[in-house]
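> To convert, note that position 338 of the sequence shown is 338 in full-length UniProt numbering; the numbers rise steadily by one, no gaps.
Below you'll find the structure I mean.
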Amino acid sequence: MEWFWRLYTLIEKTFWNSLTKKLCSFFFISLFQLAMVGYVYLVLEDVRTGLHASNLAPAVLQSMEGRIDQAIVWIFVLWLVCVVFIGFMVWYLRYLIVRPLKRIIGIFNEIGDGEGNLSHDIPTITFDEIRDLSLSYNRFLAKMREIISNVRLMTVRIAMDSARTSKNVSESLSSARQQDEVATQVREASDRTTDGINQVTNQTQGISQTTVSNLSMARDSYDELKAVADRIYTISQKVGHFNQTVDDLNQRSSSIKTIVDLIKDISDQTNLLALNAAIEAARAGESGRGFAVVADEVRKLAEKAKNASDEISQNIDSMLTLVSETQVETGQITQDTDEAREVVSRASQHFGKMVGDFETTSDSLSDIAVTMEGFAQTNREVNVHVSEIHQLSQEVTSRLNHTEQVAGALSRAAEQVQELVSRFVIGEGDFDRTVNMARQARDEVQQRLNRLAEDGLNLFDQNYQAIPGTHPAKYHTLYDSQVEKLLQPVYDQAVSSAKGGRFCLAVDTQGYAPTHNSVYSQAPTGNPQTDLVNSRDKRIFNDPAGLKSATNTQPFLLHTYTRDTGEVLSEIALPIHVKGRHWGALRFGFDPSSYMIGQ
1 MEWFWRLYTL IEKTFWNSLT KKLCSFFFIS LFQLAMVGYV YLVLEDVRTG
51 LHASNLAPAV LQSMEGRIDQ AIVWIFVLWL VCVVFIGFMV WYLRYLIVRP
101 LKRIIGIFNE IGDGEGNLSH DIPTITFDEI RDLSLSYNRF LAKMREIISN
151 VRLMTVRIAM DSARTSKNVS ESLSSARQQD EVATQVREAS DRTTDGINQV
201 TNQTQGISQT TVSNLSMARD SYDELKAVAD RIYTISQKVG HFNQTVDDLN
251 QRSSSIKTIV DLIKDISDQT NLLALNAAIE AARAGESGRG FAVVADEVRK
301 LAEKAKNASD EISQNIDSML TLVSETQVET GQITQDTDEA REVVSRASQH
351 FGKMVGDFET TSDSLSDIAV TMEGFAQTNR EVNVHVSEIH QLSQEVTSRL
401 NHTEQVAGAL SRAAEQVQEL VSRFVIGEGD FDRTVNMARQ ARDEVQQRLN
451 RLAEDGLNLF DQNYQAIPGT HPAKYHTLYD SQVEKLLQPV YDQAVSSAKG
501 GRFCLAVDTQ GYAPTHNSVY SQAPTGNPQT DLVNSRDKRI FNDPAGLKSA
551 TNTQPFLLHT YTRDTGEVLS EIALPIHVKG RHWGALRFGF DPSSYMIGQ
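Here it is in C-alpha cells:
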C-alpha cells in the first residue's frame, strides 16, 4: 500500500494542492454525467433508427421522434443544471471553508512574520464543523489577545522595574565607586596616620627617656638648690652677726672719737696753758727761764698730743666712714642675701613643683607611649578593616557592574518582548489606542514635512547653530522656525488624546527636535533646573534612548527608560521618511504605570 500513498501524494501535490482544486474535482461528476448523456443520446439515436425501419405510421413515428428529441433536450438541460449546481456547491463550499481558512492562514502568516491584526473574529455563519472551527479559532484569538495583553502588562512592569533597577544600580555603582575611593583615601590616610603614630610613639618614648633623665638631673638640682638655700640662710645669719659686729665697731669707734676729741681739747688747753706759762716765764725773767723751758716742752708735748689726736681723729673718721660704708654694704648684703634666699627659696619651691610636674609628665608620657602603642595597634586593625572594606567595595563594584549588565540585558529583553507583542493589534485596550494614535500623529507629521520639503525647505540641515545663553544648549537650523507652529498642534493633540501621554515630538537622525509640545516650549529662564523641565524645544537629545529612537528604521519600536528629569517612561518610536529618505522618528512618551491601573 505504500506505493499507493506515494502515488496519491504525488498526484495531490501535482494536481490537487489546494482546497479550491479539490472542490473543483466535483466537476468530474459532470463529466461522468456527460458521458452518460452521450450514451443515452446514442441509444436514443439507435431507437430513432429502429423506429424508421419498423414502418410505423408517420404520425406515430413523428410523435416518437418528438419525444426522443424532448428526452435528449431534457437530458442536456438536467446535465447543465447539474453542472451549475456543482459550480454553486464549489463556490458555496469554498465560501464556507476556503475563505475562513485563508483568513486563518493569513493571520497565522502575519503572526509568523511577527505582525498581525488579531482584533477581528471569524464570523460564525454556518451550523456545522466550520462553525465549530470558527468558534474554536475565535476562542483561540481571545486567548491570544488575553495572553498578549498580559505579556504587555508584564513586560511593562519588567521594563519599569528594569529601568528603576538600572537607575538604582547606576546610582549604587556610583556610590560604591565613591565608597571605594573614600576607602582608598581612608586606607592611605590610615597608613599616613600609622606612620605618624609610629613617629609620635618613637618621639614620645624618646621624650619620656629624656624626661626621665631630666627628672633625675632636676632632682639633683633641686637637692643642690635646697642646699644652696640652706647655705644662703647660714650666710644670711652670719652676715647678720657681722652686721651686729660692725654696729658695735661703729659704736666703739664713735666712743674712741669722743675720747680723741677730749684728748684734743685737753691738748689744746695744755698748749694754751703752756703758752700762758711761757708768757709768764718771760715776764719773770731769769727766774722764770727754767719754767719757760718746761712750759715750752709742755707746749711741744701738747702739740704732739694734738697732732697725734688729729691723726687719730682722722683715722677714726676714716674708720668710721669705712665702718659706715661697711655697715651700709653689709645691710645691702643682708638685704641681697635675704632676697637671694627668698629667690632661691621660691626657685626651690618652683623647682620642686617643676620636679613634681616632671614626674607627672614622665608618668603621662609613659601613659601616652602605652596609649599610642595601643592606638597604633588599633589603627593597624582599622587599616586591616579598611583594606577589607576596600576589597569588599571592589567586589561590590564588580557585582554591581555585572548587575548593571544583567539589568541592561533584562531591559533589552523586555524591550524586545514589548516590541514583539506590540506589533499585534488586539483591537482592545488603551495600549492599542495609543499605538494607533501615535501612528496617526506620525502620518500627519510625515505628511506636513513632505509638503514643506516639496516647497523647497531643506529639512535635512544638520548644521546646528548654538543659541547663546541657553543651558541646556539649544540650536537653530534652516527649518526650525517654519515647522514650529506647523507641528506643535499635532504634538499637543496626540498627548492630550492618549492615556498617560507625556510628550510627543519629531526628531532627526541626530536627535534634534526643532520644536516640542507647547508645555515644554517655554522661554528659557536662565535656571538650568527649570529649563531642563519646561524649555526642551530646539535641543539635541543624543542620549542612548534618544538616539535609539532617532535612528530606528523598524516599523515600530517600544522601549522604557529613565528620562533626564527622573521619570520612568515608555516610548513609541516610529520612523519618519521625507521624500523617500529616512529623516528621523516620531517619539511618543507615556507613563507606563497608567496602563497598569485596574489591571
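Yeah, the Cβ is synthetic: ideal placement off N, Cα and C, and Gly gets one too.
These numbers were taken from a predicted model, which means no experiment stands behind them.
Under the rule that 16 or more other beta-carbon atoms within 10 Å means buried, what is Val396, buried or exposed?
Label assigned to Val396: buried.
> Could you tell me the alpha carbon to alpha carbon distance between Glu311 and Ala227, rounded to whole angstroms?
48 Å
> Look up His582 in the DSSP assignment and give the residues it is bridged to.
BP columns for His582 point to His577.
> Across which residues does DSSP place Ser535 in a beta bridge pair?
Ser521
> Can you tell me which of the three DSSP states Asn55 falls into?
coil
> Suppose the cutoff is 7 Å on Cβ atoms and the five residues either side in sequence are ignored; what does the same chain contact list for Ser208 look like?
Once the five neighbours on either side are set aside, the close Cβ partners of Ser208 are Ser362, Leu365, Ser366, Ala369.
> Only counting runs of 3 or more residues, tell me where the beta strand (DSSP E) segments fall wholly within the region 213-272, in order along the chain.
Listed in chain order, the beta strand (DSSP E) elements of length 3 or more contained wholly in the region 213-272 amount to none.
> Counting only runs of 4+ residues fully inside the region 425-473, write out the alpha helix (DSSP H) ranges in chain order.
The DSSP assignment places 430-454 as complete runs of the alpha helix (DSSP H) inside the region 425-473, in order along the chain (cut-off: 4 residues).
> With H, G and I counted as helix, E and B as strand and the rest as coil, what does DSSP make of Gly589?
strand
> Would DSSP call Glu571 helix, strand or coil?
strand
> Would you identify the three-state DSSP class for Leu478, choosing helix, strand or coil?
coil
> Taking 6 Å as the limit between beta carbons, can you name the residues of its chain near Phe9, skipping five residues before and five after?
Before going on, a small fix: residue 9 reads as Thr here, not Phe. Once the five neighbours on either side are set aside, Thr9 has no close Cβ partner at all.
> Does the Cβ of His241 have 16 or more other Cβ atoms within 10 Å, making it buried, or fewer, making it exposed?
exposed
> Looking at the structure shown, is His559 part of a helix, part of a strand, or coil, going by DSSP?
strand
> Between which two residues does the beta strand (DSSP E) holding Ala513 run?
Looking at the DSSP string, Ala513 is not in any beta strand (DSSP E), and its letter there is neither H nor E.
> Decide if the region 549-560 is in contact with the region 454-466; the criterion is three or more beta carbon pairs, one per stretch, under 8 Å apart.
For the pair of segments examined, the region 549-560 was found not to touch the region 454-466: the number of CB pairs separated by less than 8 Å stays below three.
> Excluding the five sequence neighbours on either side, which residues of its own chain have a C-beta within less than 7 Å of the C-beta of Leu574, listed in chain order?
Ala438, Arg439, Arg442, Phe556, Ala585, Leu586
> Considering Cα atoms alone, identify which of Ser134, Thr245, His402 is closest to Pro100.
Ser134
> Buried or exposed for Gln599, please, with buried defined as at least 16 other CB atoms from any protein chain shown within 10 angstroms of its CB.
Only weak support is given to the placement of Gln599: the predicted model assigns it a pLDDT of 47, under 50, and the question is left unresolved by the model.
> What are the residues that DSSP puts in a beta bridge with Cys504?
Phe588
> Could you please give the first and the last residue of the uninterrupted alpha helix (DSSP H) stretch that includes Tyr595?
From DSSP, Tyr595 is part of no alpha helix (DSSP H); its letter is neither H nor E.
> Keeping to the same chain, check which residues put their C-beta closer than 6 Å to that of Gly456; ignore five residues upstream and five downstream.
none
> So, for Trp5: in the same chain, excluding its five sequence neighbours on each side, which residues have a beta-carbon less than 8 Å away from its beta-carbon?
none
> Closer than 8 Å by C-beta to residue 600: which residues in its own chain qualify, once you throw out the five before and the five after it? Chain order, please.
As displayed, the chain neither begins before 1 nor continues past 599, which places residue 600 out of reach and without an answer.
> Cα-Cα, which of Val490, Gln488, Ala453 is closest to Leu478?
Ala453
> Do you know whose CA, among Ala494, Ser481, Gly429, lies nearest Val445's CA?
It is Ala494.
> By alpha-carbon positions, which one of Gln488, Ser172, Gly500 ends up nearest to Ala506?
Gln488
> Suppose the cutoff is 6 Å on Cβ atoms and the five residues either side in sequence are ignored; what does the same chain contact list for Ala189 look like?
none
> Kindly provide the ranges of any beta strand (DSSP E) runs that are 3 or more residues long and lie completely inside the region 137-171, ordered along the chain.
Those beta strand (DSSP E) runs which fall completely within the region 137-171 and span 3+ residues do not exist here.
> Can you check which of these residues, Val84, Pro592, Arg341, Thr565, is closest to Glu571 by C-alpha distance?
Pro592
> Nearest to Asp69 by CA position, among Val43, Met89, Ser54, Ala53, is which residue?
Val43
> Given a cut-off of 8 Å, decide if Ser236 and Thr337 are closer than it, judged by their beta-carbon atoms.
yes
> In chain order, what are the residue ranges of uninterrupted alpha helix (DSSP H) at least 4 long that sit wholly in the region 169-211?
none
> Of all Cβ atoms in chain E, is any one closer than 8 Å to the Cβ of Phe460?
Here there is only one protein chain, and chain E is not present.
> I need the DSSP call for Leu301, collapsed to helix, strand or coil.
helix
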